[in-house]
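**Student:**
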Ligand code: ADP
Ligand code: MG
């Protein structure tokens, strides 16, 4: 899959996620407006004013964080290859995708071990892979009540195991076998590029993907990646 296609897919993805981001930023704006009103009315109660300001600052910081991570993801891919902390990147991507999950009534769960889990690769591409998998999992839940997408990261020996699970629509064996082919999509607004790109990146990382799926039950993507030895200048 060429880098132009990968970039096109990325823009498509972030475009589709944008609407949920608007909500994520509007909510803190509304909250801050309310607290500013309270502050202007709370004549002289320093303790209250202090608490309201603290809430405002943390609300603004959260909105700013999500926006800047979202914007960082929209930038064109670079060619860098470095030690990447998968734990941190998974956390960031989950934060960026949580508004999209909320908008689709999907609970997004994240379980990972503390500390670092380093792989050698391009952090922007890895974020994009995670975003694709999470987005697909959320979209697979369009018809599911109590929809849950769970992200689990574990390490064992010299490997990282990342599981993206959903209790959504699932796939038949025939469908599952077509995964990763360019332009294979069952969605009206799908590009069929997300998984093709993701599989390519995982291969570049020296990893592998296994899919287990059952129609109307859900799907599990299990990604295995080789870990690298920690070094002093790692991110
Ligand atoms: P797109 O999302 O644009 O359709 P992708 O390459 O991301 O393209 O996915 C290709 C196809 O694989 C989807 O259209 C869908 O049919 C199937 N698919 C991917 N992930 C899942 C999932 N978690 N559950 C069910 N089907 C999935
Ligand atoms: Mg997709």
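Residue numbers (full-length UniProt numbering): 188 to 422. Positions of the beta carbon are idealized from the N, C-alpha and C atoms, including for glycine.
1) In the structure shown, what three-state DSSP assignment does residue 395 receive?
2) So, at 7 Å on beta carbons, what are the nonlocal neighbours of residue 423 in its own chain, with the 5 sequence-adjacent residues on each side left out?
3) Under DSSP, the beta strand (DSSP E) around residue 305 begins and ends at which residues?
4) Which complete beta strand (DSSP E) runs does the region 247-311 hold, if anything under 3 residues is left out?
5) Have a look at the DSSP bridge pairing and note the partners of residue 350.
6) I'd like to confirm something about residue 372: is its beta-carbon nearer than 7 Å to some heavy atom of the ligand ADP, or not?
7) Can you check which of these residues, 326, 347, 378, is closest to residue 358 by C-alpha distance?
8) Whose CB is closer than 6 Å to a heavy atom of the ligand MG? List the residues in chain order.
9) Rounding to the nearest angstrom, what Cα-Cα distance links residue 292 and residue 211 in this structure?
10) From the DSSP output, read off the bridge partner residues of residue 401.
11) Thinking C-beta only, is residue 355 closer than 8 Å to residue 394?
12) On the DSSP letters alone, give me the boundaries of the alpha helix (DSSP H) that residue 356 sits inside.
13) What whole-angstrom Cβ distance do residue 192 and residue 380 have, given they're in contact under 8 Å?
14) On the DSSP letters alone, give me the boundaries of the alpha helix (DSSP H) that residue 207 sits inside.
15) Would residue 307 and residue 267 be called neighbours here (beta carbons separated by less than 8 Å)?
16) Under the criterion of a Cβ to heavy atom distance below 7 Å, does residue 358 qualify as lining the ligand NAP?
17) May I have the straight-line CA-CA distance separating residue 282 from residue 361, to the nearest angstrom?
18) Measuring straight from C-alpha to C-alpha, what distance separates residue 402 and residue 190?
19) Nearest CA to the CA of residue 284: which residue from 315, 301, 303?
20) Our contact map puts residue 274 next to residue 299 with C-beta atoms below 8 Å; I'd like the distance itself, whole angstroms only.
21) Excluding the 5 residues preceding and the 5 following residue 304 in the sequence, name in chain order all residues of the same chain whose CB lies nearer than 8 Å to its CB.
**Tutor:** From the atom records:
1) Within the chain shown, the letter at position 208 stands for residue 395. Of the three classes helix, strand and coil, the one that applies to residue 395 here is strand, per DSSP.
2) This structure gives no information on residue 423, because the portion of the chain shown stretches from 188 to 422.
3) Taking the chain shown and counting its residues from 1, one reaches residue 305 at position 118. First-last of the beta strand (DSSP E) with residue 305: 305-308.
4) 269-272, 293-299, 305-308
5) In the chain shown, the residue the question calls residue 350 occupies position 163. DSSP, once it has assigned bridges, lists 339, 409 as partnering residue 350.
6) Numbered from its first residue, the chain shown carries residue 372 at position 185. Yes, Cβ of residue 372 sits closer than 7 Å to a heavy atom of the ligand ADP.
7) Translated into positions along the chain shown, residue 358 becomes position 171. The shortest Cα separation from residue 358 among 326, 347, 378 belongs to 326.
8) 319, 322, 323, 381
9) Here residue 292 refers to the residue found at position 105 of the chain shown. Here residue 211 refers to the residue found at position 24 of the chain shown. Going from the Cα of residue 292 to the Cα of residue 211 covers about 14 Å.
10) Along the chain shown, one-based indexing puts residue 401 at 214. According to DSSP, residue 401 bridges with 405.
11) On the chain shown, position 207 is the one that residue 394 refers to. On the chain shown, position 168 is the one that residue 355 refers to. No. Outside cutoff.
12) Residue 356 sits at position 169 when you count from the first residue of the chain shown. That residue, residue 356, is in no alpha helix (DSSP H); it is neither H nor E in DSSP.
13) If you number the chain shown from 1, residue 192 lands on position 5. If you number the chain shown from 1, residue 380 lands on position 193. Yes, residue 192 and residue 380 are in contact; Cβ-Cβ is about 6 Å, under 8 Å.
14) Residue 207 sits at position 20 when you count from the first residue of the chain shown. From DSSP, the alpha helix (DSSP H) with residue 207 extends over 190-228.
15) Translated into the one-based positions of the chain shown, residue 307 becomes position 120. Translated into the one-based positions of the chain shown, residue 267 becomes position 80. Not in contact: residue 307 and residue 267 (Cβ atoms no closer than 8 Å).
16) In the structure on display, the ligand NAP does not appear, and the ligands it does have are the ligand ADP and the ligand MG.
17) Here residue 282 corresponds to residue number 95 of the chain shown, with the count starting at 1. Here residue 361 corresponds to residue number 174 of the chain shown, with the count starting at 1. One C-alpha to the other measures close to 33 Å.
18) For this step, residue 402 is matched to residue 215 along the chain shown. For this step, residue 190 is matched to residue 3 along the chain shown. Straight-line Cα distance between these residues: approximately 33 Å.
19) Position 97 of the chain shown, counted from the first residue, corresponds to residue 284. The candidate whose alpha carbon is nearest that of residue 284 is 315.
20) Taking the first residue of the chain shown as position 1, residue 274 is located at position 87. Taking the first residue of the chain shown as position 1, residue 299 is located at position 112. Rounded, the Cβ-Cβ distance is 5 Å, consistent with contact.
21) Taking the chain shown and counting its residues from 1, the one referred to as residue 304 is at position 117. 272, 273, 274, 340, 342, 347, 414, listed in sequence order.
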